[in-house]
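Working notes, structure below.
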Amino acid sequence: MTDDTELELVSGEWRAVVSSHGASLRGLTCADALVVTGYRGAANKQGGQGDVLIPFPGRVAGGRYRWNGVEHQLPLTDKDGPNAIHGFVRKREWTVETRSPHAAAFTLHLDGEPGYPFPLALRVAYRVDETGLSVAASITNTGAQAAPVAMGFHPYFTVGSVLVDSDTLTLPFAEVLEFEQLIPTGRVLPVDEARLDFRTPRAIGSTQFNHCFARPTRGADGLVRVRLANGSMSLAVWMDESFDYCVVYTGDALPSGVARRSIAIEPMTCGSDALNHPEWGLRRLESGSTLAGRWGVALG
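Taking numbering that gives the first Met the number 0, the leading residue of the sequence shown gets 0, the next gets one more, and so forth.
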């Protein structure tokens, strides 16, 4: 298949577009109503739409971290500051492993990257059915030494409003990481103290989100559900027990025609800058071991 192969997945009223370029999610609709804002062609992407974030989501301060007593320096890939951001796989061409009318799986092998000498085998699988979209991802350590790993995803959701200000958000997380110049300070705050308590549904209003939330409340099925709603549609973004963190971003730094038109709800297995704060969910993945997680979106 050629580079940047786009695949359409359809089941009932649900339709997703995914791509081999970055194993990205390029759009999702239900009954022709937009659910995940998308784009066609990699050059048209804005704000990390639909990106897969492996082996670290979020920023790494200065691109530096220590692992097993060794200092590592990552490439400084953040356009907003001297940091590394969002891993290595967003611009890579993945292999289409399997495809069907309603599902597709992509694979990629990292042989070790600048500042990250840990080989990994990656797999991301998308599926639509009558209930919505589900995403299953895995990271396997194919090297001889333990590796620091995490994963995240960067979809932007909409329930049809012109701006997200009028949408109602339910965010069942009790804590939020304190940031300074987009980098965590090391402090973790109660959401009420940070004036970001959306555990009870309320309108987004003028709140500018670019925050990493922690300590979720899960349902009896083990899933945490972030809900976005307006008068005509309600979405539940669900995450399994691998995902204990979630970044929410209203896109205020994006161009005026894009900012606040949708909201990023980003499932993450760790907090931002976890390579320097391993207590925030960074996995120590031993040789031959696998980190796996699932998330998705449904009506409700």
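Every residue gets a Cβ at the ideal spot worked out from N, C-alpha and C, and that includes glycine. Computed from a prediction, not measured in an experiment: that's the story for all the values here.
| Taking the continuous beta strand (DSSP E) assigned at Q72, which residues delimit it? | V69 to Q72
| Closest residue to V301 among A193, V187 and E265 (Cα-Cα distance) | In the structure as shown, the chain starts at 0 and stops at 299, and residue 301 therefore has no counterpart that could be examined.
| Any 3 or more C-beta pairs closer than 8 angstroms across the stretch 235-245 and the stretch 291-298 | yes
| query | Could you give the uninterrupted runs of the beta strand (DSSP E) lying entirely in the stretch 202-261, keeping only those of 3 residues or more? | reply | 209-215, 223-228, 233-238 and 244-248
| query | How long is the line joining the alpha carbons of G11 and E70, rounded to whole angstroms? | reply | 51 angstroms
| task | Compute the beta-carbon to beta-carbon distance between T274 and V59, rounded to the nearest angstrom, for a pair I have assumed lies under 8 angstroms. | result | The amino acid at residue 274 is misidentified as Thr; the sequence shows Leu. Indeed, because the Cβ distance is near 5 angstroms, the residues count as touching under 8 angstroms.
| Would you report the Cα separation of G280 and A149, rounded to the nearest angstrom? | 8 angstroms
| Comparing alpha-carbon positions, which option in G256, A146 and E129 lies nearest G68? | A146
| task | With DSSP as the reference, label W279 as helix, strand or coil. | result | helix
| message | With H, G and I counted as helix, E and B as strand and the rest as coil, what does DSSP make of V190? | response | coil
| message | Under DSSP, the beta strand (DSSP E) around F117 begins and ends at which residues? | response | Unbroken run through F117: none, as it is neither H nor E.
| query | With a CB to CB cut of under 8 angstroms and the five nearest residues on each side skipped, what residues in its chain are close to M0? | reply | The pLDDT assigned to M0 is 44, lower than 50, so where the model puts this residue is not dependable, and the model offers no usable value.
| query | For G221, is the classification buried or exposed, using 16 other Cβ atoms within 10 angstroms of its Cβ as the cut-off for buried? | reply | exposed
| Exposed or buried, which one is K44 when buried takes at least 16 other CB atoms within 10 Å? | buried
| task | Could you tell me the distance, in whole angstroms, from the CA atom of D272 to the CA atom of E129? | result | 37 angstroms
| message | Quick check on the DSSP output: the beta strand (DSSP E) that includes W66 runs from which residue to which? | response | R63 to W66
| Cα-Cα separation between A219 and D2, rounded to whole angstroms | 42 angstroms
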